[in-house]
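Note sheet for the following structure.
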Amino acid sequence: MALDASRTINGSYGEIWHEGEWVTNTQSAEALVEINKEEINRSGTRWVGHKVTSLTGTGNITGYKVTSKFTKLIGSVADDRKAPYVTELIFKLDDPEAFGAERVRLKGVQFDQIPLSSFEVNSIVEEELPFTFSGYELLDEIVAG
Numbered sequence: 001m002a003l004d005a006s007r008t009i010n011g012s013y014g015e016i017w018h019e020g021e022w023v024t025n026t027q028s029a030e031a032l033v034e035i036n037k038e039e040i041n042r043s044g045t046r047w048v049g050h051k052v053t054s055l056t057g058t059g060n061i062t063g064y065k066v067t068s069k070f071t072k073l074i075g076s077v078a079d080d081r082k083a084p085y086v087t088e089l090i091f092k093l094d095d096p097e098a099f100g101a102e103r104v105r106l107k108g109v110q111f112d113q114i115p116l117s118s119f120e121v122n123s124i125v126e127e128e129l130p131f132t133f134s135g136y137e138l139l140d141e142i143v144a145g
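Residues 1 to 145 (UniProt numbering) are what the sequence shown spells out, left to right.
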């Protein structure tokens, strides 16, 4: 079957949803799960086997700085009397020419740094939000017609 180029997914239709709101200032986003393995040496062969031992979810969101919302939410960890901020994110790809939409819910999201301040003269200010997560659920999947 030949690739129908019109069915490839355009990242311009990517969205991030947080607490029921579309994070419209997002410029790029990534979430992935690293599969961690231990090497298993086996007798009678030179081949090393591998045993899956754990999973690590990491991601990053980059976007224009528009408000201090994430600074305030993530910054709660700096208060010794408050728990770290833990949330969920939904990543959505919904290109109208694709075979459908994909939505992935990331569970147990915890951000890795507090975005306090950064700027450069004559440049639009961007904010980077690296995070970890501890589970995911594929809510909608893209299936070829």
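Ideal placement from N, C-alpha and C gives every residue a C-beta, glycine not left out.
- About 7 Å separates the Cβ atoms of TRP17 and LYS92, confirming a contact at the 8 Å cut-off.
- Judged by beta-carbon spacing, HIS50 lies within the 8 Å limit of GLU39, meaning their Cβ atoms are closer than that value.
- At a cut-off of 4 residues, the continuous stretches assigned as alpha helix (DSSP H) that sit fully inside the segment 22-110 are 69-74.
- Boundaries of the beta strand (DSSP E) around GLY14: 14-18.
- Between TYR13 and ARG46, the alpha-carbon positions lie close to 47 Å from each other.
- Per DSSP, the unbroken beta strand (DSSP E) holding GLU137 starts and ends at 135-140.
- With contacts defined as CB atoms closer than 8 Å, THR53 and ASN41 fail to qualify as a contacting pair.
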